[in-house]
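Counted the way the numbering used here counts, the sequence shown spans residues 11 to 194.
Note that beta-carbon positions come from the ideal geometry of N, C-alpha and C, so glycine has one too.
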Amino acid sequence: MLISHFSNNHAAMRISDLEKRFSTQLPQDYRKFLIKYNGGDTPNTKYKAAKISFDLRGFFGFGNVRYSFDSLSDLSDWIAQKRFPIACDLFGNYILISLDNGVISFADHERGFQESFICDSFTAFVAKCKSTLIDKNALRSIEEREADLIAKGRGHIITDGLRRLWQKEIDKYTGMEQEEVVLD
């Protein structure tokens, strides 16, 4: 699985604070991941199994990051249920880890966060997630995209709305560096 990790933001200290505050312990493989990567974006990452498949948006992290634990108003409710949200998919569903045994589950928000088993551990979950590199075309400038469409005889479809869409894509992926997740 590929990730564009967040800045560290004292993740080890923040994990210890969280564990003390809620009198809990994060599973070791996930704890090591958080210390090393502090969550991150996972563009072009899919999980697929017999009954469940989804596009993984990103992993939660600490501090001022795109997917922050600080933004989860229901975090204490999940911890009270011995669950911890570790990631989200493109539709806002949570990927949870059990604080009892490290089992990973999918919580579907359209079904009242009903949980479905995914796999036995965080390590197994990462191994089953498949990523592809960000397409280099996503980083092309607006001018390059316009020239390409004009050369293909499709210049008539260029609108200000399309330019804004292209700019959003450029902004999203510029500076994003993907790396393979390595769990020690």
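Excluding the 5 residues preceding and the 5 following residue i in the sequence, name in chain order all residues of the same chain whose CB lies nearer than 8 Å to its CB.
i, result
"SER14", "GLY50, ASP51, THR52, PRO53, MET186, GLU187, GLN188 and GLU189"
"GLY102", "HIS119"
"SER17", "ASN48, GLY73 and VAL75"
"SER131", "PRO37, ASP39, GLY112, VAL113 and ILE114"
"LYS42", "LEU193 and ASP194"
"ARG67", "ASP51, THR52, TYR77, ALA97, CYS98, ASP99 and LEU100"
"CYS139", "MET11, THR52, THR55, LYS56, TYR57 and LEU66"
"ILE62", "PHE116, SER126 and ILE128"
"GLY165", "GLU156 and LEU159"
"LEU106", "TRP88, ARG93, PHE94, PRO95, ILE96, ILE114, SER115, PHE116, ALA117 and GLU125"
Where do the N-terminal and C-terminal ends of the beta strand (DSSP E) with residue i fall, by residue?
i, result
"ASP181", "ASP181 -> not in any beta strand (DSSP E); alpha helix (DSSP H) instead, spanning 170-183."
"LEU28", "First-last for LEU28: 21-31, but that is the alpha helix (DSSP H), not the beta strand (DSSP E)."
"PHE116", "114-118"
"LYS138", "Taken as a continuous stretch (DSSP letters only), LYS138 belongs to no beta strand (DSSP E), being part of the alpha helix (DSSP H) at 132-138."
"GLN124", "124-129"
"HIS166", "No beta strand (DSSP E) contains HIS166, which DSSP labels as neither H nor E."
"LEU12", "12-15"
Looking at the secondary structure, which residues open and close the alpha helix (DSSP H) in which residue i lies?
i, result
"LEU159", "152-161"
What's the call for residue i, buried or exposed, on a 16-neighbour Cβ count within 10 Å?
i, result
"ILE160", "exposed"
"MET23", "exposed"
"ARG174", "exposed"
"ALA21", "buried"
"GLY71", "buried"
"THR142", "exposed"
With a threshold of 7 Å, establish whether the CB of residue i neighbours any heavy atom of the ligand NAD.
i, result
"LEU109", "Absence of the ligand NAD is noted for the structure shown, with no ligands found whatsoever."
Assuming residue i and residue j are in contact, meaning their beta carbons sit under 8 Å apart, how far apart are those beta carbons, in whole angstroms?
i, j, result
"ASP65", "LEU100", "5 Å"
"LEU109", "ARG93", "7 Å"
Can you find the residues in the same chain that come closer than 6 Å, C-beta to C-beta, to residue i, ignoring five residues on each side of it along the sequence?
i, result
"ALA148", "GLU179 and TYR183"
"VAL191", "MET11, ILE13 and VAL136"
"PHE127", "SER115"
"GLU125", "SER115 and ALA117"
"PHE32", "ILE89"
Excluding sequence positions up to five away, which residues of its chain have a Cβ less than 7 Å from the Cβ of residue i?
i, result
"ILE152", "ARG173, TRP176 and GLN177"
"ILE168", "GLU156 and LEU159"
Less than 8 Å between CB atoms is the rule here; does residue i satisfy it with respect to chain C?
i, result
"LEU143", "Among the chains in the structure shown there is no chain C, since it carries only a single protein chain."
**OP:** Within the region 39-77, note down every full beta strand (DSSP E) run reaching 3 residues or more, in order along the chain.
**Re:** For the region 39-77, the continuous beta strand (DSSP E) assignments of 3+ residues that do not extend past its boundaries occur at 50-58 and 63-69, in sequence order.
Original post:
In chain order, which beta strand (DSSP E) runs of at least 3 residues are fully inside the region 77-112?
Top reply: Listed in chain order, the complete beta strand (DSSP E) runs (minimum 3 residues) inside the region 77-112 are 93-99 and 104-108.
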